[in-house]
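Visitor: Below you'll find the structure I mean.
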Amino acid sequence: MFTNLFLAAAVSPEPLQLDPTRLVIAAIIGLLILLVLIIKFKVQAMIAILIGAISIGLIAGMPFQEIINSVNQGIGETLKGIALLVGLGSMFGAILEVSGGAQTLAITMVNKFGDEKAAWALGITGLIIAIPVFFDAGLIILIPLAFSLARRTKRSSLYYAIPLLAGLAVGHAFIPPTPGPVLVAKMLNVELGWVIMIGILCGTLAMILAGPIFGSYVGKKYYVAPPEQLSIDNDFDESKLPKFGVIVGIIMIPLVLIILNSIVKVLDNNIANTIKPVLQFLGEPFIALTIAVLVAMVLLGFKHGYSKEELEEVMTKSLEPTGMILLVTACGGSLRYILQNSGIGTVIGDAVSSANLPIVVVAFIIAALVRVSVGSSTVAMTMAAGIVATMPVIATLPPMQLACITMAIAGGSTAFSHFNDSGFWLVKSLLRIDEKTTLKTWTVMETIVGVTGFVVALILSLIF
3 MFTNLFLAAA
13 VSPEPLQLDP
23 TRLVIAAIIG
33 LLILLVLIIK
43 FKVQAMIAIL
53 IGAISIGLIA
63 GMPFQEIINS
73 VNQGIGETLK
83 GIALLVGLGS
93 MFGAILEVSG
103 GAQTLAITMV
113 NKFGDEKAAW
123 ALGITGLIIA
133 IPVFFDAGLI
143 ILIPLAFSLA
153 RRTKRSSLYY
163 AIPLLAGLAV
173 GHAFIPPTPG
183 PVLVAKMLNV
193 ELGWVIMIGI
203 LCGTLAMILA
213 GPIFGSYVGK
223 KYYVAPPEQL
233 SIDNDFDESK
243 LPKFGVIVGI
253 IMIPLVLIIL
263 NSIVKVLDNN
273 IANTIKPVLQ
283 FLGEPFIALT
293 IAVLVAMVLL
303 GFKHGYSKEE
313 LEEVMTKSLE
323 PTGMILLVTA
333 CGGSLRYILQ
343 NSGIGTVIGD
353 AVSSANLPIV
363 VVAFIIAALV
373 RVSVGSSTVA
383 MTMAAGIVAT
393 MPVIATLPPM
403 QLACITMAIA
413 GGSTAFSHFN
423 DSGFWLVKSL
433 LRIDEKTTLK
443 TWTVMETIVG
453 VTGFVVALIL
463 SLIF
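Under the working numbering, the first residue of the sequence shown is numbered 3, with each subsequent residue one higher.
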C-alpha cells in the first residue's frame with residue numbers, strides 16, 4: 003500500500019484526494035513521531051518538528067513537491083512576520099538589562115509599596131520586565147531582591163519569589179513583543195494590538211492570583227530560607243541606575259503605538275482618518291520596536307556611559323539566543339502548512355465543530371497536552387498554533403476572538419510545568435528547594451497562571 007502511495011505522490015502534480023480517516027491517521031502518527039523524538043530520543047525540537055511535519059505529508063499521500071512547497075511556505079510565511087520582532091525585542095531587552103533598568107523598576111516599586119506589600123511590587127515588576135527581557139535573564143537579575151526582602155522581613159523566600167515568578171511567567175507568555183504570543187498571533191493572523199490588550203487583561207488577573215495571593219499562601223506553608231551569601235546577591239547603587247519614569251516610558255513606547263494602530267483602524271471620523279496613515283506606520287510592530295530600541299540606545303546606553311562599541315557588542319550578543327527561537331518557530335510554521343495543505347486542518351475543524359466545543363477550549367487543550375508532553379512552552383505554542391490555524395473557522399473570526407484564542411494557547415503552554423521543563427530546574431536551583439517542593443510551588447503557580455489566563459480569555463470570547 004505504502005509503495006503505491008509513494009509512487010502516486012512522486013508523479014501526481016496535485017495533492018491526492020484522501021479520505022478523512024487517512025488524514026487523521028497521518029496526523030496522529032506524525033505528531034507521535036514528533037513527541038517520541040523529543041521525549042524519548044532527546045532530538046532537538048527544530049529537527050523533531052520538521053521530521054514530524056514531513057512524516058505527516060508522506061503518510062497522508064501529499065505529492066513530494068507539495069511537501070517541499072509546504073515546508074518552504076511555512077518557513078517563509080512564519081519568519082517574515084516575526085524575525086524582525088524577535089531580533090529587535092532581544093536587543094531592546096539587552097539594553098534594558100545591562101543599563102540596570104530592571105533593578106530600577108524593582109527597587110522603585112518595592113520602595114513605593116513597602117515591605118508589607120513588596121510581593122505585589124515584585125509581581126508587577128516581573129510582568130513588565132518579562133515583556134522585553136527573556137524569562138531566564140529577568141529571573142536571574144531580580145531574584146537577589148526577593149532574597150534580600152526575605153532576609154529583611156525574616157520570611158520564606160517563596161513569599162517574594164513566587165510573585166516575581168508569576169509576573170515573569172505572565173509577561174513571557176501573554177504580552178507581545180515577547181516571542182511566544184507574537185508567533186501565535188502571526189499564525190492566526192491577528193493584529194498585535196488586540197493581543198496586547200487582551201493579554202494585559204488575562205495576564206493581570208493571572209499574576210494577582212498566582213503571585214501575591216498564592217505566594218502568600220505557600221510562603222506561610224513552606225519556609226525556604228534565603229541564601230546567606232550568593233554571588234549575584236548584592237546591594238544596588240540606586241544613584242547609578244536610570245530613572246523609573248524613563249524605563250516605564252521606553253517600555254510603553256511599542257505597546258502604546260501598536261495599540262493605537264489597532265484602535266484607529268476601527269474608527270471612522272475625520273480626525274481618525276487624518277491621523278490614521280501616520281499611526282498605522284508608527285504602530286507597525288517592527289517600526290514601533292525600532293523606535294523603542296533607538297530611544298533605549300540613547301537614554302539607557304549612551305547617556306549611561308556606554309560607548310558605541312560597547313553598545314554594539316551588547317546588542318549583537320543579545321541576538322545569539324534568537325536563532326533557536328526562530329528555527330523552532332519556522333519549523334512550526336512548516337507543520338502548520340503541511341496540516342493545512344494536506345486537508346487535515348479541515349478535518350480537525352469539522353471534528354471540533356461536531357464536538358460543539360468552543361475553539362478557545364480546543365486551543366487550550368491542544369497547547370496543554372503538548373506542554374505536558376514536551377515541556378517547552380515555545381514548542382507547545384508553535385504546535386498548538388500550527389494546528390489551530392489550519393481550521394477553516396479561524397479565517398471567519400473577528401480580531402477579538404482570535405486574540406482570545408491566542409491567550410488560550412498561551413495559557414495552555416504555560417500550565418503544568420514539571421520535570422521536562424528547563425524552567426522547573428532553574429527555579430529549583432535558584433531557590434535551593436527539592437523536587438517535591440518545586441512541584442507544590444512552581445508547578446502549581448504556573449498552572450494557576452495558565453488556567454486563569456485561559457478562563458479570562460474564554461469568558462471574554464463568550465461575551466464579545
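All C-beta atoms in this analysis are idealised placements derived from N, C-alpha and C, irrespective of residue type, glycine included. Values in this document were obtained by computation on a predicted structure and should not be read as measured data.
#1: Is S233 buried or exposed, if buried means 16 or more other CB atoms sit within 10 Å of its CB?
#2: As a quick exercise: from T445, F421, V250, pick the residue whose alpha carbon is nearest that of I133.
#3: Mind checking which residues open and close the alpha helix (DSSP H) that includes P183?
#4: Within 10 angstroms of the Cβ of Y161, are there 16 or more other Cβ atoms? Answer buried if so, exposed if not.
#5: Could you check if Y225 is buried or exposed, using at least 16 other CB atoms within 10 Å of its CB as the buried criterion?
#6: Who are the Cβ neighbours of M48 in its own chain at under 7 angstroms, not counting the five residues just before and after it?
#7: Go ahead and pull the three-state DSSP assignment for E99.
#8: In the DSSP assignment, find the unbroken alpha helix (DSSP H) run with V220 in it and report its ends.
#9: Taking K245 as the reference, give the member of V390, V192, S101, V446 with the closest Cα.
#10: Alpha carbon to alpha carbon, how far is E424 from G140?
#11: Return helix, strand or coil for R153, following the three-state DSSP convention.
#12: Tell me which residue opens and which closes the alpha helix (DSSP H) that G63 is part of.
#13: Mapping the DSSP letters down to three states, classify E193 as helix, strand or coil.
#14: How about A391 and R338: are their beta carbons less than 7 angstroms apart?
#15: Going by the CB atoms, is the gap between A96 and S309 shorter than 7 angstroms?
#16: Please classify A357 as buried or exposed, where buried requires at least 16 neighbouring CB atoms within 10 angstroms.
#17: Using CA coordinates, which residue listed in H174, I389, F288, E312 is at the minimum distance from I84?
#18: Reducing DSSP to helix, strand and coil, say where Y308 ends up.
#19: Judging by CA-CA distance, which residue of G78, A290, N191 is the nearest neighbour of V253?
#20: How long is the line joining the alpha carbons of L313 and G303, rounded to whole angstroms?
#21: Work out the CA separation of I131 and T276 for me, nearest whole Å.
#22: Check each candidate in G455, S463, I461 and name the one with the smallest Cα separation from A171.
#23: In terms of residue numbering, what span does the alpha helix (DSSP H) encompassing M299 cover?
#24: Provide the residue span of the alpha helix (DSSP H) that contains P165, from first to last.
#25: Could you give the first and the last residue of the continuous alpha helix (DSSP H) run that contains I35?
#26: Count the other CB atoms within 10 Å of the CB of F283; is the residue buried (16 or more) or exposed (fewer)?
Guide: On the basis of the coordinates in this document:
#1: Its pLDDT being 43, under 50, S233 is placed unreliably by the model, and the measurement read from it follows with that caveat. S233 sits exposed, since fewer than 16 C-beta atoms from the chains shown fall within 10 Å of its C-beta.
#2: V250
#3: 181-190
#4: buried
#5: exposed
#6: L329, V330, C333
#7: helix
#8: 216-223
#9: S101
#10: The question names Glu, but residue 424 in the sequence shown is Ser. So the two alpha carbons sit approximately 15 angstroms from each other.
#11: helix
#12: Looking at the DSSP string, G63 is not in any alpha helix (DSSP H), and its letter there is neither H nor E.
#13: Collapsing the DSSP output to three states places E193 in coil.
#14: yes
#15: One thing to note: S309 has its Cβ no nearer than 7 angstroms to the Cβ of A96.
#16: Classification for A357: exposed.
#17: F288
#18: coil
#19: First, the amino acid is wrong: residue 253 is Ile here, not Val. Comparing alpha carbon positions, the residue from G78, A290, N191 closest to I253 is A290.
#20: 7 angstroms
#21: Those two C-alpha atoms are separated by around 35 angstroms.
#22: Closest by alpha carbon: G455.
#23: Neither: M299 is in no alpha helix (DSSP H) and is coded neither H nor E.
#24: 159-176
#25: Run containing I35: 22-41, per the alpha helix (DSSP H) assignment.
#26: exposed
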